[in-house]
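In my numbering, the protein residues as written are 104 to 469.
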Ligand SMILES: Cc1ncc(COP(=O)(O)O)c(C=O)c1O
């Protein structure tokens, strides 16, 4: 079976470096919030292009929670999000007391700026874009609307590390941005991890206080904080991966370019890349009318697939119970969820594996 992903492949490419770092951290005698985290925060901010700051946290969900709190979201504030986003984004906003307000995405699966203004109310405080599948959102119109209405702009970059829009990486367009370093992510570690990035140093400093029991210095607590710290081992391993991320993204691009050139099946719609963007292929998402039929066909031929995700966040039971959403509320999103299929995509694939995926997809007749 060709897996949808195999995390050991990326690890194996740089195994010696990872193991050297793991031993260094284990022998250091310092395991939480130390030199590795501090260095990682500096190096990550620089790798994104500089002029910004980073706070390492324990995962992507808490990056959202702490980031939106540090930016000033308060109970009852509305935050506009895309209806086909990930539930963790909404949970982060809701745990900070905010209320997610949904809008439909564009044909590239990203938040469609054309739908924002109709969703603005007196309670709206921010727009939160999630750059889905490794592709940046078209930011210019989103930024213009935020400026016009005095709204904060948040970016969920859990799926878009080093994905540029007009030459700038995602995470640097708004007030604050959130990263997940969950192992499956393009820039993922070997356990949970996350980061908050902002050009506003005060926001990042507030996140650093919130992640550590609300403490600004030892045994001095100024806020209702959390324990949301990044550990030294993850930070050290992420520093190793950061040295190689460009090569890992190039591997993904090689796989994607072969899929794009060689998959020729009128029943399978290939992903498109927005002008001004470079896709980083967190997921290679095709559209097929008979989603389940296509998946079974490939599965019977030893090609694994996935759907990210079948149920949109507003139709998850927890959201239906809280807000009363129902099927039909966001038809464009539902049409996406009913037809998307992710093909195998990972840090490394053998040419024969790529060929097999292409051949099997091309032999699908519906
Ligand atoms: C878009 C998006 N936001 C947030 C998250 C949450 O990140 P984490 O799993 O690190 O909490 C994820 C990943 O799972 C994600 O894909």
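C-beta atoms are modelled at their ideal positions from N, C-alpha and C, and glycine is treated no differently. Quick caveat, the model's predicted, so the values are computed rather than measured.
Contact check for residue 442 and residue 390: beta-carbon distance about 5 angstroms, within the 8 angstroms limit, so the pair qualifies. As the crow flies, the alpha-carbon of residue 267 is around 16 angstroms from that of residue 300. With respect to the C-alpha of residue 280, the residue from 270, 306 and 121 having the closest C-alpha is 306. Between the C-alpha atoms of residue 163 and residue 213 there is a straight-line separation of about 19 angstroms. Boundaries of the alpha helix (DSSP H) around residue 114: 110 to 116.
DSSP places residue 400 within a helical segment (H, G or I) once states are collapsed to three.
In the displayed model, residue 360 falls within a helix according to three-state DSSP. For ligand 1, no non-hydrogen atom lies closer than 7 angstroms to the CB of residue 277. Residue 409 has its CB no nearer than 7 angstroms to any heavy atom of ligand 1. Within 7 angstroms of the C-beta of residue 262 there is at least one heavy atom belonging to ligand 1. Relative to ligand 1, the beta carbon of residue 109 is positioned no closer than 7 angstroms to any heavy atom. When the beta-carbon positions are compared, residue 338 and residue 153 stay at least 8 angstroms from each other. Boundaries of the alpha helix (DSSP H) harbouring residue 246: 242 to 252, taken from the DSSP string. Closer than 7 angstroms to some heavy atom of ligand 1: that does not describe the Cβ of residue 445. Listed in chain order, the non-local C-beta contacts of residue 327 below 7 angstroms within the same chain comprise 317, local neighbours out to five positions each way being set aside. Under the three-state reduction of DSSP, residue 299 is assigned to strand. For the segment 139 to 200, the full-length beta strand (DSSP E) segments reaching 3 residues or more read 156 to 160 and 181 to 185 along the chain. Non-local beta-carbon contacts of residue 256 in its own chain, meaning distances under 6 angstroms to residues more than five positions away in sequence, involve 230, 249, 277 and 278 in chain order. If the five residues before and after residue 114 are omitted, its C-beta is found closer than 7 angstroms to the C-beta atoms of 121, all from its own chain and listed in chain order.
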